[in-house]
Amino acid sequence: MQAAKEKVKDGVSAVKAKTKIAQAKASEKAEAATARSHAERELAHERGKAKVAAAKMELHQDKVLHREEAIEHRIHKHGGHRPHPHKHRVRTR
């Protein structure tokens, strides 16, 4: 169940990142279209690349957070690292 939650959260984060990337590219194109010189177009391109990189980094951070939540859930669910009781005991005489 926890793995399914993790996958859903990762999917939602990926969709958010893709929309941010698309918005960054659209704003880059709009800014490049209104630029008057080649240097302004290059600057718009660099800003667009920076926004895309920021969106990808945010996606990565969200995925790490989801993994941490899943691990924390597993630890609390199973009570930490307790030794598993053995079914077969060794007999002593």
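Numbered per the UniProt record's numbering, the sequence shown spans residues 1 to 93. The C-beta atom is built at its ideal place from N, Cα and C for all residues, glycine as well.
Check your understanding: Using a threshold of 7 Å, is the CB atom of Lys29 nearer than that to any non-hydrogen atom of the ligand SAM?
Key -> What this structure holds is no ligand at all, so the ligand SAM is not there to describe.
Practice item. Could you check what DSSP says for Ala50 in three-state terms: helix, strand or coil? Key: In the sequence shown, residue 50 corresponds to position 50, counting from 1. Helix, per DSSP.
**Study point:** Cα-Cα separation, Leu65 to Met57
**Key:** By one-based count along the sequence shown, residue 65 stands at place 65. By one-based count along the sequence shown, residue 57 stands at place 57. One C-alpha to the other measures close to 12 Å.
Point to revise | Ala24 beta carbon less than 8 Å from that of Ala35 | key: In the sequence shown, counting from the first residue as 1, residue 35 sits at position 35. In the sequence shown, counting from the first residue as 1, residue 24 sits at position 24. Cβ atoms of Ala35 and Ala24: not closer than 8 Å.
**Study point:** Member of Arg67, Ala33, Glu68, Ile21 whose CA lies at the smallest distance from the CA of Ala50
**Key:** Translated into the one-based positions of the sequence shown, residue 50 becomes position 50. Among Arg67, Ala33, Glu68, Ile21, the Cα nearest to that of Ala50 is on Ile21.
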